[in-house]
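A.B. asks: Numbering (my numbering), first residue to last: 17 to 199.
(1) Terminal residues of the continuous alpha helix (DSSP H) containing residue 43?
(2) In chain order, which continuous runs of the beta strand (DSSP E) of length 3 or greater are located wholly inside the region 53 to 81?
(3) At 3 residues or longer, what runs of the beta strand (DSSP E) sit wholly inside the region 98 to 142?
(4) Can you tell me whether DSSP reads residue 176 as helix, strand or coil?
(5) For residue 185, which residues does DSSP report across the bridge?
(6) Using three-state DSSP, classify residue 34 as helix, strand or coil.
(7) Exposed or buried, which one is residue 112 when buried takes at least 16 other CB atoms within 10 Å?
(8) Since residue 96 sits in a beta bridge, which residues does DSSP pair it with?
Printed below as a string of structure tokens:
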């Protein structure tokens, strides 16, 4: 894994920030390696994620900056807005909104159990079915908290939903179908 990541980042000169939306290893497991490769990088996470990153992955506490719910970070032409979505699977989860590109990165939230060669879901009905299954298998125990967190997302204007699992939802009608499913 380290060799693959090193090759993929070979032409990346500098990384200022690493956003940890969820500390489970399938999301954050390579953070220590990236921090080793980029000594100036800082991990951005929710306050609840900080101790999990330290305890589970050995991330040095001085390399972590916590972000508050609704906090924004200007990157010079792009802005990251952090939305805490606790108990969307784990207590420390958050989403990240990039308003200039009208995209929301949702972590496990609104994800699916599907692999595709296309980056975008389009109107593929298999994606909605996979999202329903993912929700039932992973998210259902947290449905009340998810409904509360969904209210935060409804306030945002986005065209793309980019979960960590499954393709990018690029049609709002898919989002509306997901809302009818209880998301």
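Note that the Cβ used here is the ideal one computed from N, Cα and C, for glycine as well. Keep in mind it's a predicted model, so treat the numbers as computed, not measured.
C.D. replies: According to the structure shown:
(1) Taking the chain shown and counting its residues from 1, one reaches residue 43 at position 27. Residues 41 to 44.
(2) 58 to 61
(3) 110 to 114 and 119 to 123
(4) In the chain shown, counting from the first residue as 1, residue 176 sits at position 160. Residue 176 falls in the strand class under three-state DSSP.
(5) In the chain shown, the residue the question calls residue 185 occupies position 169. 177, per the DSSP bridge assignment.
(6) The residue given as residue 34 occupies position 18 in the chain shown. Looking at residue 34 - three-state DSSP - the assignment turns out to be strand.
(7) Position 96 of the chain shown holds residue 112. Label assigned to residue 112: buried.
(8) Locating residue 96 in the chain shown gives position 80, where the first residue counts as 1. Residue 96 is bridged to 89.
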